[in-house]
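Okay, structure first, notes after.
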């Protein structure tokens, strides 16, 4: 194993931390963005602020792309260090397990919070809003625009799991093709 593969890249850890902090700001600023429809965010209807809208637009346009890029880089480093099997075990523990646990714990709590928020914003009774909110947050309901099941705030973990699976599949195919050519 080369020294370059084993060395920790602190600058990328710092980049990931900055992206996380920007995410905290983004989520705190959404209630102050003008034109957010009822139900999109649990607490809207605040006095709009132009800076909030601009900051949400700028941060949202690049933050998750940075996360996915850094994740791909770290995943490639894991493959180089531990092989595909070791990387899959690591990603299952670091992405898959938190995803499943959050779907069982955090998502139902968020469903109730979103249901209360939507009911207070729309004037609909909470008892009528809650079932759709619970199903939507658990990923079992079709999203409002018909795109399919929503994972709401866990969509990025769901996508990372798919990207890891696709990446392993592509890597396996490329390695098999290269081995066939050498034989």
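In my numbering, the protein residues as written are 9 to 191.
Glycine residues also receive a C-beta, built at the ideal position from the N, C-alpha and C atoms.
Burial state of residue i (16 or more Cβ within 10 Å)
i           : result
residue 52  : buried
residue 93  : exposed
residue 118 : buried
residue 38  : buried
residue 60  : buried
residue 17  : exposed
residue 181 : exposed
residue 150 : Its pLDDT being 46, under 50, residue 150 is placed unreliably in this model, and the value from its coordinates should be taken loosely. Flag for residue 150 reads exposed.
residue 22  : exposed
residue 41  : buried
residue 189 : exposed
residue 129 : buried
residue 127 : buried
residue 83  : buried
residue 155 : Because residue 155 sits at a pLDDT of 43, beneath the cut-off of 50, its placement in the model cannot be relied upon, and the following sentence gives the value as read from the coordinates. When all chains shown are included, residue 155 counts as exposed.
residue 125 : buried
residue 115 : buried
Start-to-end residues for the alpha helix (DSSP H) that takes in residue i
i           : result
residue 40  : Element bounds for residue 40: n/a, residue is neither H nor E.
residue 122 : 114-130
residue 52  : Unbroken run through residue 52: none, as it is neither H nor E.
residue 68  : 58-68
residue 175 : 163-190
residue 85  : 71-99
For residue j and residue i, believed in contact at Cβ under 8 Å, the rounded distance
i           : j           : result
residue 63  : residue 33  : 7 Å
residue 78  : residue 24  : 5 Å
residue 96  : residue 176 : 7 Å
residue 123 : residue 108 : The pair is not a contact, with the Cβ atoms about 23 Å apart (cut-off 8 Å).
residue 36  : residue 75  : Their Cβ separation, rounded to whole angstroms, is 18 Å, which puts residue 36 and residue 75 out of contact at 8 Å.
residue 30  : residue 71  : 5 Å
Query raised in the report: Would you call the region 88-106 and the region 162-175 touching, i.e. three or more CB-CB distances under 8 Å?
Result: Taking 8 Å as the limit for Cβ pairs, the verdict is that the region 162-175 does touch the region 88-106.
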